[in-house]
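Visitor:
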Amino acid sequence: MKGVILAAGRGSRLGDATDALPKPLMPVAGRTCIDFAVEALLAVVDEVIVVTGYRAHLIEDHLAREWPDAPLRTVRNPQLEAGNLTSLGAARPLVGDAAFILTNADHLFPADMYVRHFAPMGDAIAIACERERPVLPDEMKVIEESGRLTAISKTLPKYDGAYIGTTAVPASLRAAYWQAFDRVHAERDLATASVEMVLHQLAPDLATAPRVCWLSGLKWFEVDTPEDLAIAREGLSA
2 MKGVILAAGR
12 GSRLGDATDA
22 LPKPLMPVAG
32 RTCIDFAVEA
42 LLAVVDEVIV
52 VTGYRAHLIE
62 DHLAREWPDA
72 PLRTVRNPQL
82 EAGNLTSLGA
92 ARPLVGDAAF
102 ILTNADHLFP
112 ADMYVRHFAP
122 MGDAIAIACE
132 RERPVLPDEM
142 KVIEESGRLT
152 AISKTLPKYD
162 GAYIGTTAVP
172 ASLRAAYWQA
182 FDRVHAERDL
192 ATASVEMVLH
202 QLAPDLATAP
212 RVCWLSGLKW
222 FEVDTPEDLA
232 IAREGLSA
């Protein structure tokens, strides 16, 4: 099992704060955003792959300094203005034929995320979702039927909850996942193509439709804006 952390974007919604630091290195509760993702994944994977881009050397230096003995590799995505599908594409050669968990550097999950909250062990692609709180307009919304994903988009007028940026792909469905990835890569504008579009491609076929895992009692934070950063800092310093 490998872990993939998408950490290539600038984080422009944070404003001037990212002139000096990329979003994954924003300080929160005595550490940085990306440290939360690395720690959680290392509990369940054999290797972590971090995709860097904007100010890549700063992230690479941080990881080498703070996680010197961890099974961790970095790869750069040179397409900084493209959607995050290209970041996953950059990691693909390092993932190889392994099962993997995909997540984002700006999602601050607890250390037991993949042990206690989202621990898919079956033969289905699984996605982490929530439905116990109000869904914000900019979130990735999902519709499920009998536990399977039927639609995922930020613009769904009706939905069952929100996807929180984490997908687990078992070895048995690795080929199907990458086939769907290739279709999205070929058919969509890479400037806006996202990893969520791969899930949408997989949904119509019952054999590959991702399983929606509704998480309960998970305390986590997403850092997109200065307000998000302030909330994360306050919530994690308590």
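Sequence positions in the sequence shown follow the numbering used here and run 2 to 239.
Don't be surprised by glycine CBs; every beta carbon is placed ideally from N, CA and C.
Please read all numbers here as calculations on a predicted model, not as lab measurements.
Relative to the C-alpha of T209, which residue among I232, L26, T193, A172 is closest?
Guide: It is A172 whose Cα lies nearest to the Cα of T209.
Visitor: Looking at the unbroken beta strand (DSSP E) that takes in E146, where does it start and where does it end?
Guide: Its beta strand (DSSP E) spans residues 142-146.
Visitor: Cα-Cα, which of P72, N105, A100 is closest to L26?
Guide: Minimum Cα distance to L26 is reached at N105.
Visitor: Does at least one heavy atom of the ligand FAD sit under 7 Å from the Cβ of L86?
Guide: The model depicted lacks the ligand FAD and carries no ligand whatsoever.
Visitor: Considering only the alpha carbon of each residue, which of G218, F222, R93, Q180 lies closest to E133?
Guide: It is G218.
Visitor: Do you know offhand how far P158's Cα is from L137's?
Guide: Straight-line Cα distance between these residues: approximately 12 Å.
Visitor: With a threshold of 8 Å, are at least 3 pairs of Cβ atoms found where one atom belongs to the segment 161-177 and the other to the segment 141-149?
Guide: Touching, yes, given that three or more Cβ pairs across the two stretches are closer than 8 Å.
Visitor: With a cut-off of 8 Å, do at least 3 Cβ pairs link the segment 26-41 to the segment 104-123?
Guide: The answer is yes - the segment 104-123 touches the segment 26-41, with three or more Cβ pairs under 8 Å.
Visitor: Taking the DSSP output, what are the residues bridged to L59?
Guide: For L59, which the question treats as bridged, DSSP gives no partner whatsoever.
Visitor: By DSSP, does A91 sit in helix, in strand, or in coil?
Guide: Here A91 sits in helix by DSSP.
Visitor: M153 by DSSP, collapsed to three states: which one?
Guide: The displayed chain sequence assigns Ile, not Met, to residue 153. If DSSP states are grouped into helix, strand and coil, I153 belongs with the strands.
Visitor: F241 by DSSP, collapsed to three states: which one?
Guide: With the chain represented from 2 up to 239, any question about residue 241 goes unanswered, as that position is not in the structure.
Visitor: Taking the alpha-carbon of A18 as reference, which of L237, A125, E228 has the nearest alpha-carbon?
Guide: The candidate whose alpha carbon is nearest that of A18 is E228.
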